[in-house]
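So in my numbering the end of the sequence shown lands on 1881, straight run, no missing numbers.
Glycine is no exception: its CB is placed at the ideal position from the N, C-alpha and C atoms.
Just so it is clear, the structure is predicted and the values come from calculations on it, not from any experiment.
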Amino acid sequence: MFKSILLRMVLPLAITAAILAWLTMPLIDRSLTAWFRSDLELRAALVFNSVADRISELIATGSVDQVGTYLAKVTTDERLRAIVVCGSDGTVLASAGPVPADLGCRSVKGPPVGGSVELEASNGTILVSRFQTASAAAKPVDIMVLHDLNFAASRATLAGQYVLSISLVAIVLISLLVVVVVWLTLRKWAALLVGDIRSRRFLDDARSPAMSVPVLSQVRKVLSEIEARQRLEIEYQENWTPQALRQVVHDQLGAPEMLVVSNREPYIHAYGPAGAVEVQTPASGMVTALEPIVRACAGTWVAHGSGSADRLVVDRRDHVRVPPEDPAYTLRRVWLDEREEDGYYYGFSNEGLWPLCHLAYVRPEFREVDWQIYQSVNEKFADAVATECATPDPVVLIQDYHFALLPKLVRARKPGATIAVFWHIPWPSAETFGVCPWKADILHHLLAADILGFHTRYHCQNFLATVDRFIECQIDHERMTVTVRGHTCQVTAYPISIEWPPRWLSRVADAPSCRRVVREKFGIPAGAALALGVERWDFTKGILERFRAIEVLLERNPRYRGKFCFLQIAAPSRSRLPAYRDLQERTIAEAERVNARFAEGGWRPIVLVAEHQEPEQVFELFRAADVCLVNSLHDGMNLVAKEFVAARDDEDGVLVLSTFAGASRELLESLLVNPFDVSETASALEVALQMPREERRQRMRLMRQTVKENNIYRWAGRMLTDAARIRQRQRLALAPGSRPALKLE
């Protein structure tokens, strides 16, 4: 009977479904082909946005022959057939990829600028998208992006097959369900009528092994592969530019309201010696990294107004447009009185958390009054963020250890916000962090964020171990997530970087000119090799250790006396704290001791400059140096190393880098040293001074490629793409019929 029902119901339904699917296949195929074509047109626009500025620049400088080489790096995707650059007279200026013989600048009458058209070539159908550059530096040129529509057609056919397979399987499963229900009903009636006890075995029969459905497994596998491919495209996309980042913000996030929160402001207004208001750029790696992102995204930056003339230039809402020379975003200043600054910044942040997180062997100081002020200042910044938000679901990017409490405080005021925290300094081991009296409070507040980023995976693992030890939570080590009271925080490594190319380089002379200017300015002999150190005057930077390494170098190699000079730029920092005042006094004394031992005539081995340098001056120093020494005792990343590499477009210079800086994970072609071993550092300096020109060029070329590919726009793009996925999940959770969001207590 069961077989009879199966034959009478399932087979007719399956045959009917197959016929319907066969009849609707052309419609499905057309729809999918149109979808893939739309996707290719969007990709063409992204390609144009990525290459337009560079092409205009090369044409403006007369380097037309380099355009083809540049385009060859872009046309590596199997979907991208070719790129053609056409002059205003219809001539082909440059091209990359296999351009069909019957397609050219004069042969293609359409499409219009910004449009696309399908053209038949000898080897298939080509989708031609046409764009035109708009640059004041050069005449506009047409850029045609050619995609292979055969790829879209084959992908549409494959997708249609999957749709057909899923439809057939669904019909079969529904038919089987109907048969089971009918069979169960009939068996129950039969048992009631004739008392057939064999009906009791029906449920046992119904529990037979489930029917395997390999097609569904294949569909899931394909969808998983597509998502993984999209992630890889974002992860390894070349030519990350401000335009590409804006595209990510627009497409992935839907152009949301974006706020950045930091203690340090990107521009400081202060009274100069003559009483006029001057604009300064602070010596901060965090500011150097983030400022290009906020400019690209036109967001709002909320920061502590610390300049002596900051209040003079803001409006009634404490706003000022920056950068001063070309305003691109709004800086909102938050005011702190002297007591707040002492307790929050100098006290808890820099006498407590800073030494706690760095292995520099300075004892952290924790005071109850500092903790209370730290809490109140975080509350003040949370109020400022809430005031600045005009929408219920902004994206808030919180920076560094000054605002460990801010994620939970902002969440309480803006439940719909997407909150990302980036911790710019190392995260210590669980045992070390256990020294902090308020460790559980800090962890609970941090985990209210949606994303918590660190420079390295090692710091992420330290954080997860700390959370596991001190608070009750659920940790998924595979996905790197922590769930507390229903809220999930993603913990991820985002190695920070710098703008590429740094905008300051356009204001700096070439390397030979910089060498001449720097040597004259600081009294360095023309024939002496120049080594350079540039950083804030901080006990984590290893300045004392590098002076001792220079002493060892001169002891071992008397030939370098008079022919080697080390220029140390140390920007005064946190001079109100005893540990920093003591460091500055010891540094000056150590420099004087080494100089007194080796100085000859007008030559000194160490030139110590204890003053802030503007970015243009710093890049001038980078171009002038033969060696850059970065021997941090402990550093989250250290962007000085990456800035030195970015400055050396002459592909010269040697970088000596500490293994305890996060940059050492990326800049593998530098000379890596243990900064606590002054003998090893001295040996590395000697190797750097003797390194042949060709080896220097090869090492620098590889490091420059690394910094270029892993620039600050890629860093932001990765984090904002993750934020976009989280926002999508948040919207699903808030949709009608979904479960209410759990509160963070």
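Which residues DSSP lists as bridging residue i, in chain order
i: Thr1617; result: Asp1612 and Gln1626
i: Trp1739; result: Glu1736
i: Leu1821; result: Looking at the DSSP assignment, Leu1821 forms no beta bridge with any residue, so it has no partner.
i: Thr1261; result: Glu1256
i: Ala1707; result: Arg1672
i: Gly1589; result: Phe1558 and Thr1628
i: Leu1666; result: Cys1701
i: Ile1534; result: Val1397 and Val1557
i: Val1763; result: Ala1667 and Val1790
i: Ala1859; result: Paired residues: none, contrary to the question.
i: Ser1231; result: Val1220
i: Leu1808; result: Leu1793
i: Asp1604; result: Beta-bridge pairing links Asp1604 to no other residue.
i: Asp1813; result: According to DSSP, Asp1813 bridges with nothing at all.
Residue i - DSSP class collapsed to helix/strand/coil
i: Arg1468; result: strand
i: Thr1554; result: strand
i: Cys1525; result: coil
i: Met1827; result: coil
i: Tyr1372; result: Below a pLDDT of 50, predicted positions are generally treated as unreliable, and Tyr1372, at 44, falls in that range; the measurement from the model is reported next regardless. Looking at Tyr1372 - three-state DSSP - the assignment turns out to be helix.
i: Phe1267; result: strand
i: Leu1744; result: strand
i: Leu1495; result: coil
i: His1283; result: strand
i: Ser1794; result: strand
i: Ala1645; result: coil
i: Leu1769; result: coil
i: Glu1881; result: Bear in mind that a pLDDT of 45 at Glu1881, under 50, signals an unreliable position, so the model cannot answer this.
i: Leu1541; result: coil
i: Leu1868; result: helix
i: Asp1225; result: coil
i: Asp1718; result: helix
Burial state of residue i (16 or more Cβ within 10 Å)
i: Asn1286; result: exposed
i: Arg1837; result: exposed
i: Ala1824; result: buried
i: Trp1640; result: buried
i: Leu1878; result: Bear in mind that a pLDDT of 45 at Leu1878, under 50, signals an unreliable position, so the model cannot answer this.
i: Val1763; result: buried
i: Gly1441; result: buried
i: Gln1826; result: exposed
i: Lys1699; result: exposed
i: Pro1409; result: exposed
i: Glu1805; result: buried
i: Gly1622; result: exposed
i: Val1249; result: exposed
i: Asp1387; result: exposed
i: Pro1714; result: exposed
i: Glu1461; result: exposed
i: Pro1463; result: exposed
i: Glu1802; result: buried
i: Pro1428; result: buried
i: Val1203; result: buried
i: Lys1677; result: buried
i: Leu1821; result: buried
i: Arg1266; result: buried
i: Tyr1537; result: buried
Cβ-Cβ distance between residue i and residue j below 8 Å
i: Ser1633; j: Lys1516; result: no
i: Glu1831; j: Asn1767; result: no
i: His1455; j: Arg1468; result: yes
i: Leu1791; j: Leu1668; result: no
i: Val1397; j: Ile1534; result: yes
i: Leu1793; j: Leu1808; result: yes
i: Asp1506; j: Gly1488; result: yes
i: Trp1673; j: Leu1719; result: yes
i: His1283; j: Arg1217; result: yes
i: Pro1543; j: Cys1493; result: no
i: Tyr1849; j: Thr1377; result: yes
i: Val1413; j: Tyr1407; result: yes
i: Arg1863; j: Thr1554; result: yes
i: Gly1589; j: Thr1617; result: no
Contained alpha helix (DSSP H) runs [length at least 4] in the region 1394 to 1482, N- to C-terminal order = List check, alpha helix (DSSP H) in window: 1421 to 1433 and 1446 to 1449.
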